[in-house]
Amino acid sequence: MIKLEKIYRWYQTGSTRNFVLRDINLEIEEGSFVSIMGPSGSGKSTLLNVIGMLDQADEGSYTFMDQDVFRLKEKQRVELYKKHIGFVFQAYHLIDELTVFENIETPLIYQGYKGSERKSIVSDMLDRFQIVGKKDLFPNQLSGGQQQLVGIARALAGSPKLLLADEPTGNLNSRQGEEIMDLFKKLNEEDKVTIIQVTHSEKNATYGNRIINLLDGRIEQE
Amino acid sequence: MLFQYFKLSWRNLLKNRQFSLLNILGLSSGLAIALLLLLYIRDEKSFDQYHENVDRIQRICLTMNYDGNERKVTTAPNSIGPAILENLSGVKDQVRTLNHNFGDIAFINSGEKQISTRHLIWADPSILNIFDIPLLNGTKNEVLSAPGKVILSDRMAKTIFGDEDPVGKRIKIDQYLDVEITGIYADFPQNSSMNPEIIGSFNTMEWASKELVWSNASFETFLLLEQGTDSKLLEQQIEGLVARNVAQEDRYYSVWLQPMRDLHLHSTEMQFTGAVVASKTGDSRQINLLLILALIILGIAATNYMNLSTARSLAQSKEVGINKAIGAHRSHLITRYYVETFLLVGISMIIAALLIFTILPFFNQVVDKQLSIQDVLSPKIIISSLAVGGVLTLLSGLYPALYLSGFQPKFLLNTSFRKQSTAGNFRKALVITQFSASVVLIVGTIVCYKQIQFIQQKNLGFNPEQVIAISTAAAEDIGQIESLRDGFSSISSVEAIARAQTYPGKGGSGRSIHIPGYPEKVLPVTTNQVTPEIVEVLDMHIIAGQTLPQRSHKDDPFCSIILNQKAVKFLGYSPEEAIGKEAPGLFQKPAIITGVVSDFHFNSLHQPIGAYAFHNNFTEGRPYMLVKTNTSNISDLLSQLQTAFKKSLPHSAFVYEFLSQEIEQLYAGEKRTAKVVLLFSILAILVACLGLFGLAAFTSEQRRKEIGIRKVLGASIAGLVQLLSVDFIRLVFIAILISVPLSWWLMHTWLENYAYKIELSLWYFAAAGLITLLIAIQTVSFQAIRAAISNPVKSIRTE
Ligand SMILES: Nc1ncnc2c1ncn2[C@@H]1O[C@H](COP(=O)(O)OP(=O)(O)OP(=O)(O)O)[C@@H](O)[C@H]1O
Ligand SMILES: [Mg+2]
Chain A
-9 MIKLEKIYRW YQTGSTRNFV LRDINLEIEE GSFVSIMGPS GSGKSTLLNV IGMLDQADEG
51 SYTFMDQDVF RLKEKQRVEL YKKHIGFVFQ AYHLIDELTV FENIETPLIY QGYKGSERKS
111 IVSDMLDRFQ IVGKKDLFPN QLSGGQQQLV GIARALAGSP KLLLADEPTG NLNSRQGEEI
171 MDLFKKLNEE DKVTIIQVTH SEKNATYGNR IINLLDGRIE QE
Chain B
4 MLFQYFKLSW RNLLKNRQFS LLNILGLSSG LAIALLLLLY IRDEKSFDQY HENVDRIQRI
64 CLTMNYDGNE RKVTTAPNSI GPAILENLSG VKDQVRTLNH NFGDIAFINS GEKQISTRHL
124 IWADPSILNI FDIPLLNGTK NEVLSAPGKV ILSDRMAKTI FGDEDPVGKR IKIDQYLDVE
184 ITGIYADFPQ NSSMNPEIIG SFNTMEWASK ELVWSNASFE TFLLLEQGTD SKLLEQQIEG
244 LVARNVAQED RYYSVWLQPM RDLHLHSTEM QFTGAVVASK TGDSRQINLL LILALIILGI
304 AATNYMNLST ARSLAQSKEV GINKAIGAHR SHLITRYYVE TFLLVGISMI IAALLIFTIL
364 PFFNQVVDKQ LSIQDVLSPK IIISSLAVGG VLTLLSGLYP ALYLSGFQPK FLLNTSFRKQ
424 STAGNFRKAL VITQFSASVV LIVGTIVCYK QIQFIQQKNL GFNPEQVIAI STAAAEDIGQ
484 IESLRDGFSS ISSVEAIARA QTYPGKGGSG RSIHIPGYPE KVLPVTTNQV TPEIVEVLDM
544 HIIAGQTLPQ RSHKDDPFCS IILNQKAVKF LGYSPEEAIG KEAPGLFQKP AIITGVVSDF
604 HFNSLHQPIG AYAFHNNFTE GRPYMLVKTN TSNISDLLSQ LQTAFKKSLP HSAFVYEFLS
664 QEIEQLYAGE KRTAKVVLLF SILAILVACL GLFGLAAFTS EQRRKEIGIR KVLGASIAGL
724 VQLLSVDFIR LVFIAILISV PLSWWLMHTW LENYAYKIEL SLWYFAAAGL ITLLIAIQTV
784 SFQAIRAAIS NPVKSIRTE
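Here it is as structure tokens:
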């Protein structure tokens, strides 16, 4: 599903290049649940950005579902990721002015679903995550765990094949974190959603079936 | 999807109340001001356009040449119109009009009723075919067909006759002319250059209609062209026609045609002595000035909006990032921000409309117009308002839509946002532009007012204060005038009385003098037939000789004159030398100089002082009695004057004018412009400050955390205020530096309009700069202080 070859990413400061990613070679099969770990500043988020097509590498090639991502035009790239990829953020990043229902609905609007379809999909999601009662509330009326649930529901609304999560439990307490991890595992096993998560917690990493360690921009060992 | 955007925008507006309020306030006042100006401009441009034939009507104008001096007049000899109609093709009709007494007051008597008006004209019957003058009573072909027939405006008919039917009744004009009322016409609309209350048949005036001559240009003449006639070609043909009829040496003028459409706004350089279309002229320059002002104000309002939007961009960029991450295209986001802008502009339009309705009466008062709600609601204005709203939306939304939609979503994955360079330079440029415009407007206002004050306080060379001009045009014989003079002089507060043809500020007869021995070296002279007391009444300064002799007679072999310095200098004499000499070319009989007065401003200060002569030749009438008084109890004096007047002239109306007011009238246009510019400058600055206020608020908001930390570390409030204010104040400083040369140049150009003008002194610019700076400091420090005294613990935690 994902194939990264000789990926380099650097920031230019003056005349020196500060490498954030160096020679990343990585293949991820459809249906896997991968955890990326590593110390702060090691380039985890950057790697996730590249995979999620929010950022581009400076060198190397990236094949996503048989498409050469770096060769695509901006518009085609957006089409590709909005169809296949969902994002979950550490800081939830819900839209403050929209209700729970509307937050989940927004990606469907961008994907061109009709009103009635959107309604049924969002209702499904609300059901599935047991937040029907909260559908008319605004994000600031929810707890952190609930917000993250909405974030995941939003990411899954368009039924993506790949879910990218950057420290999804980072702002939650351990019980809430466990719930989210259980949810991820279920999604991976029952719905066959490929998941790549960044995490600092050894325990969370064990929910997945593969761990990638980053150190100073390099993949250490598996 | 649009509905979603509306919903989102609406909630956004509600959430950021302060931001929305500032924006709506700025946008709606900007829109209201701009629309009012457009309304004004449209009204000025609508003058005379209601005539069905407006595109085919041309006014015959003359350019007179005197030895290098040019004078453009709107009147022509009485023979030109008929000659064109007879000899040239392409002309369907012509009308000659003559202002009764050349625009002086006409006295109307009907039974016991006495009325005075300046709006009596004599015209060919074709006036009813060329212009749109709907008759309410009477038939077109008959009402002006013979001498002694007049038609009245509806208003005039009501004034004289009330509810009675006036048709068939007779009225007396100036005591001697007995005419019959044959019809009533609808009142001329307010946006008509021409506004007669009484129109009489042209051939009633025998002297004007019997003999057709090619000199004496006293008749305002209009041509109605055939469809498709080329007016330039016609002009040449008219030139040829004049050449065939007037000998080369007598041809002191050239003829040209002015389209009816240009009458109102493009006649500022013309002289109207005696013209029918005299009173209301607009000025295309003023219109352009106001148009620029409207654009500036709209620009400032749009700029405010952009400014405030970019100030919020840090918060907005997060939203953009999220939307992009969940699949939004750039076009989605552009639409989204345009929807928000549209919503704000829409709300502001509604508020602007309410604002306009509320301030319309006040606005009318300032600009001297009668605009009504109906005018505002006319389809044209509504469409152009919508267009303005549309342009404003496009313009204001441009920056937020394009700039914000460009944010990259990758920053979302970072736990806290990195400080991006959020359009800092662009915003700075906007603030500088806004405040430069404000400074220019303030300088403009100051200079405008100073110049008007200068004009008012300038030593005119005579003293118009406490001089009252009373019209005696309606006196039936000389006995009445003598008795009136006696009556006036027995009033204790009357100091002196003179009779005069005219007075300074009101023109005079145009003649010319030439240098002795050189008949081709001529200078135009304004002449005024007066009695000797004029020097005392007007408090003129005699430098040599004395005033006119007391007694003079029609059959005297010569006449006496008083010249001003300018005229004497032209003749080549010193004032003392001039006494007893002749001024050649003025009259048929020799004109002997008895006195020389220092130069005085008998015209507006737009024009340099020309030559002037008071004389006692019996060539003109003397319809004014000028009375110099010395009392402050004006109402008492007026009633005494009126009593005396009624005793001597029982059959005529008592009409008077204060000379000082008449002179002020010369600058009515400037004053109106100054008032309008002042009003709108204040509003423009207010709108600009609104923007600065918002900007300061949001910057403080953004830096709350920084302020909190600094406070915890021990920063003083004064230090924090300085920290927050100094950036803005620096921008305002730069704005001042930019605007000073700009406004200097603009004002210098404007002052070129005046022959007598103030010097541009440094303090005008200093004052404008200081005012702007003070307002800016006030605005910014208000926000800064608010931010600086807030509780630091709270602001740190909320981050
Ligand atoms: N815009 C940028 N300019 C310069 N350097 C950057 C920029 N963005 C990221 N970096 C650098 O890239 C490196 C990797 O950043 P990244 O956010 O991927 O780390 P991370 O592994 O996600 O760390 P954390 O666990 O703290 O989230 C860091 O050293 C950071 O300083
Ligand atoms: Mg990270």
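Quick mapping for you: the protein sequence lines, in order, are chains A and B.
Residues -9 to 212 (the working numbering) make up the first sequence, in order.
Residues 4 to 802 (the working numbering) make up the second sequence, in order.
No residue lacks a Cβ here, since even glycine has one placed at the ideal position from N, Cα and C.
Model, not experiment: these values are computed from the prediction.
Own chain, CB closer than 7 Å to Gln261/B, minus 5 neighbours either side, in chain order: Walking along the second sequence from the start, residue 261/B turns up at place 258. Cβ within range, chain order: Gln61, Arg62, Cys64.
Any chain B beta carbon closer than 8 Å to Asn39/A: In the first sequence, residue 39/A corresponds to position 49, counting from 1. Closer than 8 Å: yes.
Under 8 Å between C-beta atoms of Ser31/B and Leu358/B: Numbered from 1 along the second sequence, position 28 holds the residue referred to as residue 31/B. Numbered from 1 along the second sequence, position 355 holds the residue referred to as residue 358/B. Yes.
Pocket of ligand 1 defined by Cβ to heavy atom distance under 5 Å: Tyr1/A, Val10/A, Ser30/A, Gly31/A, Ser32/A, Gly33/A, Lys34/A, Ser35/A, Thr36/A
In DSSP terms, what Ile176/B is bridged to: Taking the first residue of the second sequence as position 1, residue 176/B is located at position 173. Paired residue(s): Ile111/B, Leu180/B.
Cβ-Cβ separation, Leu154/A to Phe54/A (assumed contact under 8 Å), whole Å: Stepping through the first sequence from its first residue, residue 54/A is reached at position 64. Stepping through the first sequence from its first residue, residue 154/A is reached at position 164. Phe54/A to Leu154/A, Cβ: 12 Å. No contact.
Simplified DSSP state of Tyr506/B, which is helix, strand or coil: Walking along the second sequence from the start, residue 506/B turns up at place 503. The answer is coil: DSSP assigns Tyr506/B none of H, G, I, E or B.
Where Gly105/A falls, given that 16 or more other Cβ within 10 Å makes a residue buried: Taking the first sequence and counting its residues from 1, one reaches residue 105/A at position 115. Result: exposed.
Cβ-based burial, Lys422/B [other Cβ within 10 Å; buried from 16]: Here the question's residue 422/B lines up with position 419 in the second sequence. In this predicted model, Lys422/B has a pLDDT of only 47, less than 50, meaning its place in the structure is not dependable enough to derive any value.
Beta-carbon neighbours of Val68/A, restricted to chain B and to distances below 9 Å: Residue numbering aside, residue 68/A sits at position 78 when the first sequence is read from its first letter. Here the neighbours are Lys327, Gly330, Ala331, His332, Arg333.
Asp156/A CB to nearest heavy atom of ligand 2 below 7 Å: As a working mapping, residue 156/A is identified with position 166 in the first sequence. Under cutoff, so the answer is yes.
C-alpha distance - Leu640/B paired with Val540/B, whole-angstrom precision: Start at 1 with the first residue of the second sequence, and residue 640/B comes out as number 637. Start at 1 with the first residue of the second sequence, and residue 540/B comes out as number 537. Take the alpha-carbon of Leu640/B and the one of Val540/B: they are about 17 Å apart.
Endpoints, the beta strand (DSSP E) within which Thr224/B is located: Numbered from its first residue, the second sequence carries residue 224/B at position 221. Where Thr224/B is concerned, the enclosing beta strand (DSSP E) stretches over 223 to 228.
Spatially closest choice to Ile99/A from Arg144/A, Asp181/A, Gln120/A, by CA coordinates: As a working mapping, residue 99/A is identified with position 109 in the first sequence. Measuring from the Cα of Ile99/A, the nearest candidate turns out to be Arg144/A.
Close-in-space but distant-in-sequence residues of the same chain around Thr418/B (CB under 7 Å, 5 per side omitted): Numbered from 1 along the second sequence, position 415 holds the residue referred to as residue 418/B. In this prediction, Thr418/B scores a pLDDT of 48, lower than 50, which makes its location untrustworthy; the coordinate-derived value is nonetheless stated afterwards. Cβ neighbours of Thr418/B beyond the five flanking positions: none.
Separation of Lys151/A from Tyr71/A, as counted between CA atoms: Looking up residue 71/A in the first sequence gives position 81. Looking up residue 151/A in the first sequence gives position 161. If you take the alpha carbons of Tyr71/A and Lys151/A, they lie about 10 Å apart.
Helix, strand or coil at Asp13/A [DSSP, three-state]: Position 23 of the first sequence holds residue 13/A. Asp13/A falls in the strand class under three-state DSSP.
Chain B contact for Gln2/A (CB, 8 Å cutoff): Here the question's residue 2/A lines up with position 12 in the first sequence. So no, Gln2/A is outside the interface.
For Ile449/B and Thr646/B, the rounded distance between their alpha carbons: Here residue 646/B is taken as the residue at index 643 of the second sequence, counted from 1. Here residue 449/B is taken as the residue at index 446 of the second sequence, counted from 1. C-alpha separation (whole angstroms): 45 Å.
Contacts around Ile582/B, its chain only, beta-carbon distance under 8 Å, and the 5 residues preceding and following it disregarded: The residue you call residue 582/B lines up with position 579 of the second sequence. So the list reads Ala547, Gly548, Ile596, Thr597, Gly598, Val599, once near-sequence residues are dropped.
Exposure of Arg514/B, with buried meaning 16 or more beta-carbon neighbours within 10 Å: Residue 514/B sits at position 511 when you count from the first residue of the second sequence. Of the residues assessed, Arg514/B falls on the buried side of the cut-off, its CB having 16 or more other CB atoms within 10 angstroms.
Near-chain A residues of the segment 286 to 310 of chain B - C-beta to any C-beta below 8 Å: none
For Asn104/B: DSSP bridge partner residues: The residue given as residue 104/B occupies position 101 in the second sequence. The partner list for Asn104/B (beta bridge, DSSP) is empty, contrary to what the question assumes.
Min CB distance Asn15/B to chain A below 8 Å: To locate residue 15/B, count along the second sequence from 1; it is residue 12. Look at Asn15/B: its C-beta is under 8 Å from a C-beta on chain A.
Proximity below 8 Å, CB of Phe429/B to CB of Ala738/B: Walking along the second sequence from the start, residue 429/B turns up at place 426. Walking along the second sequence from the start, residue 738/B turns up at place 735. Result no, Cβ atoms of Phe429/B and Ala738/B do not sit closer than 8 Å.
Proximity to Val68/A [Cα-Cα], best of Val658/B, Ile329/B, Val245/B, Asn102/B: In the first sequence, counting from the first residue as 1, residue 68/A sits at position 78. When each option's Cα is compared against that of Val68/A, the closest is Ile329/B.
Local conformation of Phe54/A per DSSP, three classes: Taking the first residue of the first sequence as 1, we reach residue 54/A at position 64. Three-state DSSP puts Phe54/A in a strand.
Identity of the residue in Glu210/A, Ile209/A, Arg208/A, Leu204/A nearest Pro29/A by Cα: The residue given as residue 29/A occupies position 39 in the first sequence. That would be Leu204/A, whose Cα lies nearest to the Cα of Pro29/A.
The segment 116 to 130 of chain A / the segment 180 to 200 of chain A touching (three or more Cβ pairs under 8 Å): Look at the beta carbons and you see the segment 116 to 130 of chain A not touching the segment 180 to 200 of chain A: under three pairs across the two are nearer than 8 Å.
Rounded C-alpha distance that separates Phe105/B from Asp371/B: Against the second sequence, residue 105/B aligns to sequence position 102. Against the second sequence, residue 371/B aligns to sequence position 368. Their Cα atoms are separated by approximately 26 Å.
Where Pro412/B meets chain A, residues with beta-carbon distance less than 8 Å: Within the second sequence, numbered from 1, the residue matching residue 412/B stands at position 409. Correct list: Leu44.
Status (buried if at least 16 other CB within 10 Å, exposed otherwise) for Thr529/B: For the purposes of this step, residue 529/B is taken as residue 526 along the second sequence, with counting starting at 1. With 16 or more Cβ atoms within 10 Å of its Cβ, Thr529/B is classed as buried.
Proximity of Ser512/B and Glu623/B at Cβ, strictly below 8 Å: The residue labelled residue 512/B in the question sits at position 509 within the second sequence. The residue labelled residue 623/B in the question sits at position 620 within the second sequence. Contact check for Ser512/B against Glu623/B passes: the beta carbons are separated by less than 8 Å.
Neighbourhood of Ile455/B by C-beta distance below 7 Å, restricted to the same chain and skipping five residues each side: The residue you call residue 455/B lines up with position 452 of the second sequence. Closer than 7 Å at Cβ, skipping near neighbours: Tyr670, Glu673, Lys674, Ala677.
Beta-carbon neighbours of Glu210/A, restricted to chain B and to distances below 9 Å: As a first step, residue 210/A must be located in the first sequence, where it is residue number 220. Within chain B, no residue comes near Glu210/A; the closest Cβ sits about 21 Å away, beyond 9 Å.
Listed by chain order, chain B residues near Lys125/A by CB distance under 9 Å: Walking along the first sequence from the start, residue 125/A turns up at place 135. Simply none; closest approach about 15 Å.
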